[in-house]
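Participant:
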Amino acid sequence: MLSTIDRLLEYWSRALLALAIIAGILMMLHVSVDVFMRTAFNAPLRQTNQTVAAYYMIAVAFAPLAILGKHGNHISADVFTGQLSPRGKRLLEIFTTLLSLAYMYVFTWQSWISAARRTSQGEVLEISGGYMPVWPGRWLLPVAGASLFLCFAFRIVRLLLGQDPDEGEDHGPTIEKV
Numbered sequence: 112m113l114s115t116i117d118r119l120l121e122y123w124s125r126a127l128l129a130l131a132i133i134a135g136i137l138m139m140l141h142v143s144v145d146v147f148m149r150t151a152f153n154a155p156l157r158q159t160n161q162t163v164a165a166y167y168m169i170a171v172a173f174a175p176l177a178i179l180g181k182h183g184n185h186i187s188a189d190v191f192t193g194q195l196s197p198r199g200k201r202l203l204e205i206f207t208t209l210l211s212l213a214y215m216y217v218f219t220w221q222s223w224i225s226a227a228r229r230t231s232q233g234e235v236l237e238i239s240g241g242y243m244p245v246w247p248g249r250w251l252l253p254v255a256g257a258s259l260f261l262c263f264a265f266r267i268v269r270l271l272l273g274q275d276p277d278e279g280e281d282h283g284p285t286i287e288k289v
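Structure representation (structure tokens):
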């Protein structure tokens, strides 16, 4: 059962990572075409800044969070915890994961409320020549938050069962202490 959940979370978090990569590529292309059009023809693309801010940047910043939480690759500093016993490190990891779980619950809940409100209002930005709907981009926050929440929930279950939540996972290159 845990391996099935692990696999599903892996696929979902990788799909969100792919979304972030695609959004980053589209953002680069969009901005590059805008700069070219502005420079070569004095005709910048309309709503480039708004599209970048309302869609691309949100996807690039928030969609990959689940993969980081899934693999424990979030930023951490062990300056003060390096001397803890393995049991102390495990208890500290349980505590910090519970705090993270609580934070992501509140984040997801509040971003859901905000996205629902802005959707019902039909949130738009005024641009030259009309309006641009921006409410769809608001839904990326609760989706990313819920995904990270699920990854933390799975992590806490594995920790409480005495399993290593990162067992068998490749975290990339490591720096050896000399």
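First residue of the sequence shown? That's 112 in the numbering used here, and the numbers climb one at a time after it.
Ideal placement from N, C-alpha and C gives every residue a C-beta, glycine not left out.
Please read these numbers as outputs of a predicted model, since none were measured by experiment.
Apart from the five residues just before and just after residue 256, which ones in its own chain have a Cβ nearer than 7 Å to its Cβ?
Facilitator: Translated into the one-based positions of the sequence shown, residue 256 becomes position 145. Within the same chain, residue 256 has close Cβ partners 215, 218, 219 and 222.
Participant: Would you identify the three-state DSSP class for residue 197, choosing helix, strand or coil?
Facilitator: Numbered from its first residue, the sequence shown carries residue 197 at position 86. DSSP places residue 197 in helix when its eight states are reduced to three.
Participant: Is the region 224–234 in contact with the region 176–186, if contact means three or more CB pairs nearer than 8 Å?
Facilitator: In short, these stretches do not touch, since the Cβ pair count stays below three.
Participant: Where does residue 236 sit, in a helix, a strand or coil, going by DSSP?
Facilitator: On the sequence shown, residue 236 is found 125 positions in, with the first residue counted as 1. DSSP places residue 236 in strand when its eight states are reduced to three.
Participant: Compare the Cα-Cα distances from residue 125 to each of 196, 234 and 176 and report the closest residue.
Facilitator: Here the question's residue 125 lines up with position 14 in the sequence shown. Nearest C-alpha to residue 125: 176.
Participant: Secondary structure at residue 112, three-state DSSP: helix, strand or coil?
Facilitator: Within the sequence shown, numbered from 1, the residue matching residue 112 stands at position 1. Residue 112: coil per DSSP, three-state reduction.
Participant: Write down the C-beta distance between residue 121 and residue 200 rounded to the nearest angstrom, noting that I regard them as a contact closer than 8 Å.
Facilitator: Along the sequence shown, one-based indexing puts residue 121 at 10. Along the sequence shown, one-based indexing puts residue 200 at 89. No, residue 121 and residue 200 are not in contact; Cβ-Cβ is about 24 Å, not under 8 Å.
Participant: So does the region 162–170 actually touch the region 123–141, counting three or more Cβ pairs closer than 8 Å?
Facilitator: The answer is yes - the region 123–141 touches the region 162–170, with three or more Cβ pairs under 8 Å.
Participant: Going straight from the alpha carbon of residue 157 to that of residue 251, what length do you get?
Facilitator: Looking up residue 157 in the sequence shown gives position 46. Looking up residue 251 in the sequence shown gives position 140. Their backbone Cα atoms lie some 23 Å apart in a straight line.
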